[in-house]
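What follows is a short report on a single structure.
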């Protein structure tokens, strides 16, 4: 369910599908790195201003799905203009700062992004830029990232499927919003 908070800046309504806390898993595979499954927690929050605040943490999972070690962390700010152009400023834990530009697809919750500028600290590994695709599909947030280095051409390196984290307060609010004439047994509702 996509909810639009009453205090959401009017320019951000097209990005409302991103809001909330998300968790899930995916695959990391890039030449020179060990291929692995990873877990991920993502949050998109807002405070009434004209941007979404973004945080993502990933960690390597073992074959039973247990956390082994941190993989990547990133934070940033997402904006959208009246022409559905999206801009993202992102900082990664490996010493990379990126500016991404892209577009919200017409009539569907999908965002294509490409790096416009990359700055690296001396400690950062080689990185030239990338592409990302985010989509809201059947109530899940799905994404795939592509990456390019001086040695490796642009290619997919991470993808994940995330579920929205639902709080007890969300459930209570939704329950209060149900119609008064709901059947008591729950089964009659589907007949």
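Residue numbers (our numbering): 1071 to 1261.
Quick reminder that beta carbons are idealized off the backbone N, C-alpha and C, glycines included.
- The Cβ-Cβ distance between residue 1211 and residue 1129 does not fall below 8 Å.
- Judged by beta-carbon spacing, residue 1172 lies beyond the 8 Å limit of residue 1161, meaning their Cβ atoms are not closer than that value.
- Annotation for residue 1117: no beta strand (DSSP E) segment contains it, and DSSP assigns it neither H nor E.
- If you ignore the 5 residues before and after residue 1186, its C-beta comes within less than 7 Å of the C-beta of 1169, 1170, 1171, all in its own chain and listed in chain order.
- If you draw a 10 Å sphere on the C-beta of residue 1119, you find fewer than 16 other C-beta atoms in it, and that means exposed.
- In this structure, 1183 is the residue among 1183, 1137, 1140, 1143 with its C-alpha nearest to the C-alpha of residue 1155.
- Between the alpha carbons of residue 1165 and residue 1142 lies a gap of roughly 11 Å.
- Annotation: residue 1167 to residue 1151 spans about 22 Å, alpha carbon to alpha carbon.
- Per DSSP, residue 1185 is one residue of the beta strand (DSSP E) stretching across 1180-1190.
- Secondary structure of residue 1080 (DSSP, three-state): helix.
- One alpha carbon belongs to residue 1121, the other to residue 1148, and they sit about 5 Å apart.
- Note on geometry: alpha-carbon atoms of residue 1204 and residue 1085 lie some 11 Å from one another.
- For residue 1224, the secondary structure class from DSSP, reduced to helix, strand or coil, is coil.
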